[in-house]
Amino acid sequence: MLVLPTPATEAWKFTHLKRAIETLPDAGGQESTLREIEQALPIFAIPQVVFHHGQPVPELGTPLPAGVELRPLGAKLTGSGQPELDSLDTLAVAHGWELHIHRTPSTPVVLIHMAGTAPTSLQLTVAAKVSATVVEAHHALPHQVGWQHHATSVQLGEGATLKHSVLHLLPDAMGLIVTRRQRQTLAAGATYEGTLGMAGGGLIRSEIHTHLSTGCTYHLTSLSTARAAQHHDVTLQTHHAGEGNAVVIRQRNLQLDESHCVFQGKFWVAAEAQKTNAYMHNHTLLLSDTARASVKPELEIYADDVKCSHGAASGGLNPQHLFYLQARGLNETQARALLVQGYADEFLAAFPSATRSIWAARVQEWLSGGSKAPPPLTDFSTEWLANTKANPEQREVLREYGDTLERPHYER
Amino acid sequence: MKHILEIEALQARVTEADKAILHGVSLTLGAGELHAIMGPNGAGKSTLGYTLAGREGYEVTGGSVKFLGEDLLTQEPDERARAGVFLAFQYPVELPGVNVATFLRTALNAHRTAHGEAELDALAFVKLCRAAMAELHMPESFLTRNVNAGFSGGEKKRFEILQMALLQPRLAILDETDSGLDIDALRIVAAGVNALRTPSNAFLVITHYQRLLEYLKPTHVHIMAAGKIVRSGGPELAIQLEAEGYDSLLGNAA
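Take a look at the structure:
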């Protein structure tokens, strides 16, 4: 029997997964069906794979660009070389999949994860010196409830670059629990530019366990908007194994009502990891007296020539900022909205341009008390087309995809 | 002539410091007038500005203020602003992530809506804004920056004047707008203020120095000390003050 994590474990100090799952309302046969998903999802004009219960749905996908393959991985993630952290690593997965990127693709690739209840396993592999952009969007249909765990592995070859955006764009459904454990290994000189966004759901926990060899760059910009009794947890562990790694982690939370946001960040720096330069920062905007933030940075350093630091700040909106806006004629609601949007926008600048307007809308919706209607399942492609100014060739490819309604085939 | 602002025996305290600062200020501004308020540090000049703008923590303990014949003190800060009161801040605050264009357009449209006018669309706004910015020698790239973030002292003050130019207040309170400005910036800011003077609005200019007044040509000059206006006169009072200093001028009052 699966023993679920509780706050008795240090790594789950602020998130009671066991209780959350045990008190889940009965799904009552409300699992989303393929047909419902098909009706809800637009056909994207860019390369995309739609996963349901962790399995790609060929009918909803579009062809992948040259250099990118989706192939079966088997039940277990391979090559992570990392020990099990807890029982979540032992969940049985029907079929794992690997997105293998062996040549720099001409377009970004979008992976859509439609929430279900079957645990998933996915590996992103980027070959040496290859650059790729991958957006993973977690969506759920409005009636979906239940828990889903995603095991993800990211393997970056020497000098590879991955721009990776993980977006939890869930409806405000308290019965939705999403846990995501991403383990990643960066070979020498690799770059991981990550953005992580969390909105909606009942409980979201996003873990990233990173192993850095030498001369790697690891940037993570993360934004959470939480309201009602939502619980968002970002837990990061970074293992600096070799010399000269540069790490910048920035996390921002916007919180209303009784929401609870958790940030746990750990830098483990081996004796060999000299010239490490690593920084993490958490900033929480608490817009109600009952919202809670739990922040725990940890440094464990065995090298003697490193720069490692962390910072945290939490509080409400600055009254001086509010007064400045009111003195210009904005009422309090307008002033708050503008400041909150600014607070988010500073971070959204790091997000893929195609996702910024989606987030901007989501932030305003969050501030005005959440949506009654389900959030739209997003078509990133329009924005992407609009923003792909620099590369006419890429635009052409995107256009062609828009015209191609041929469905891809995934090999089992 | 109709009065823009009538301050009667205004008393106010700063709640955080638990200290009474204004001890009965009386002042009347007519349309078309520019009043300068000078005085030593701690005289209560900025407190007067904040109290008129309705800042939280500035508590009125006595007296009355009428703006265009209406009681000003019962209004919220944003109501005062939309009614036509503008405070140019001594220390404009940085608003992280808040885009200048969005900020200006939101403020402008808040005023327009309050006066029953249609909101400006993006194009009309940019057109209006460009013209005002050109007057103040501000590059268009200003619109893409964040409010006051990384602005130099001069840019912040020019930006205050730009806001004033767009919002066209009936009463503008300039709180040490000349501080931190070099000669060229001072001239541009002063020209910006002069361009906005009309027979139907009024200015209250708080300053330490005569130099700004050389450009602005006040109709009235007041000297404030210890929370009261102790001397009032014409432009010659500022010149006298510059020559003799507060000590000799306020010798009797101190």
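Going line by line, the protein sequences match chains A and V. Take the first sequence: its letter number 193 is residue 207 in our numbering, and every next letter is one higher. Take the second sequence: its letter number 148 is residue 152 in our numbering, and every next letter is one higher. Note that the Cβ used here is the ideal one computed from N, Cα and C, for glycine as well. Computed from a prediction, not measured in an experiment: that's the story for all the values here.
Please specify which runs of the alpha helix (DSSP H), each continuous and at least 4 residues long, are wholly inside the segment 139-191 of chain V, giving them in chain order.
List check, alpha helix (DSSP H) in window: 157-171.
Applying the 10 Å Cβ sphere with the 16-neighbour rule, what's the burial state of Gly229 of chain A?
Gly229 of chain A should be labelled buried.
List the whole-angstrom C-beta distance separating Lys143 of chain A from Ala174 of chain A, where the pair is believed to meet the contact cut-off of C-beta under 8 Å.
So it is a contact: roughly 6 Å between Cβ atoms.
If we count Cβ pairs, one from each stretch, closer than 8 Å, do we get three or more for the segment 167-176 of chain V versus the segment 120-127 of chain V?
No, the segment 167-176 of chain V does not touch the segment 120-127 of chain V.
Terminal residues of the continuous beta strand (DSSP E) containing Arg195 of chain A?
Element bounds for Arg195 of chain A: 190-200.
Please give the ranges of any beta strand (DSSP E) in the segment 296-333 of chain A, keeping only runs that are unbroken, at least 3 residues long and fully inside the region.
As far as the segment 296-333 of chain A is concerned, its whole beta strand (DSSP E) runs of at least 3 residues are 306-315, 321-329.
Measure from the C-beta of Tyr293 of chain A to each C-beta in chain V and report whether the shortest distance is under 8 Å.
So no, Tyr293 of chain A is outside the interface.
For Ala187 of chain A and Val159 of chain A, what's the separation of their Cα atoms in angstroms?
One C-alpha to the other measures close to 7 Å.
How would you label His119 of chain V, buried or exposed, when you count the other beta carbons within 10 angstroms and need 16 or more for buried?
That one is exposed.
My assumption, with CB atoms under 8 Å, is that Leu87 of chain A sits in contact with Gly68 of chain A. Please give the rounded CB distance.
That pair is no contact at about 11 Å.
Let me check understanding here. Comparing Cα to Cα, which of A:Val140, A:Val248, A:Pro61, A:Ala204 lies closest to Arg264 of chain A?
It is A:Val248 whose Cα lies nearest to the Cα of Arg264 of chain A.
Starting from the C-beta of Leu105 of chain A, find all residues in its chain whose C-beta is less than 8 Å away, skip the five residues before and the five after it, and write them out in chain order.
Here the set comprises Leu16, Pro133, His163, Ala165.
Run through DSSP, which three-state label would Asp125 of chain V get?
Looking at Asp125 of chain V - three-state DSSP - the assignment turns out to be coil, as it is neither helix nor strand.
What residues in its chain sit with their C-beta under 6 Å from that of Glu150 of chain A, if we drop five residues either side in the sequence?
Leu125, Val180.
Taking DSSP as the reference, what is the three-state secondary structure of Tyr250 of chain V?
The answer is helix: DSSP assigns Tyr250 of chain V an H, G or I state.
Under the three-state reduction of DSSP, which class applies to Val377 of chain A: helix, strand or coil?
In this structure, Val377 of chain A counts as helix in the three-state DSSP scheme.
Report the three-state DSSP secondary structure of Asp1 of chain A (helix, strand or coil).
Outside the displayed span of chain A (15 to 426) sits residue 1 of chain A, for which this structure offers no information.
List the whole-angstrom C-beta distance separating Leu183 of chain A from His152 of chain A, where the pair is believed to meet the contact cut-off of C-beta under 8 Å.
Rounded, the Cβ-Cβ distance is 7 Å, consistent with contact.
Start and end of the alpha helix (DSSP H) containing Thr51 of chain V?
Counting along the chain, the alpha helix (DSSP H) containing Thr51 of chain V begins and ends at 49-57.
Would Thr139 of chain A be called buried (16 or more neighbouring beta carbons within 10 Å of its own) or exposed?
That one is buried.
Kindly indicate if chain A contains any beta-carbon less than 8 Å away from that of Thr110 of chain V.
Interface residue, yes.
Would you kindly work out how many angstroms separate the C-alpha atoms of Thr92 of chain A and Thr209 of chain A, rounded to a whole number?
With a pLDDT of 45 at Thr92 of chain A, under the threshold of 50, the modelled position of this residue cannot be trusted, and the question is left open.
Taking C-beta pairs closer than 9 Å, name the residues in chain V that Leu113 of chain A reaches, listed in chain order.
Going along chain V, no residue has its Cβ under 9 Å from Leu113 of chain A, so there is no contact; the nearest lies around 33 Å.
When the Cα of Val89 of chain V is compared with those of V:Pro96, V:Tyr95, V:Glu80, V:Val97, which residue comes out closest?
Checking every option, the nearest Cα to that of Val89 of chain V belongs to V:Glu80.
Would you kindly work out how many angstroms separate the C-alpha atoms of Glu218 of chain V and Asp182 of chain V, rounded to a whole number?
Computed Cα separation, rounded: 12 Å.
Taking 8 Å as the threshold (beta carbon to beta carbon), is Arg101 of chain V in contact with chain A?
Position check: residue 101 of chain V holds Gly in this sequence, whereas Arg was assumed. Yes, contact with chain A.
If you measure from the beta carbon of Phe93 of chain V to each beta carbon in chain A, is any gap under 8 Å?
Chain A contact via Cβ: present.
From A:Trp380, A:Ala363, A:Thr235, pick the residue whose C-alpha is nearest to that of Val354 of chain A; which is it?
Minimum Cα distance to Val354 of chain A is reached at A:Trp380.
Against chain A, with Cβ distances strictly below 8 Å, would Ala257 of chain V count as a contact?
Legend: pLDDT at Ala257 of chain V = 47, less than 50; position of this residue unreliable, value from coordinates given subsequently. Closer than 8 Å: no.
By the three-class DSSP mapping on this structure, what secondary structure does Gly34 of chain V have?
The answer is strand: DSSP assigns Gly34 of chain V an E or B state.
Val97 of chain V versus chain A: which residues are under 9 Å apart at the beta carbon?
Those are Asn332, Gln334, His335, Phe337, Tyr338, listed as they occur along chain A.
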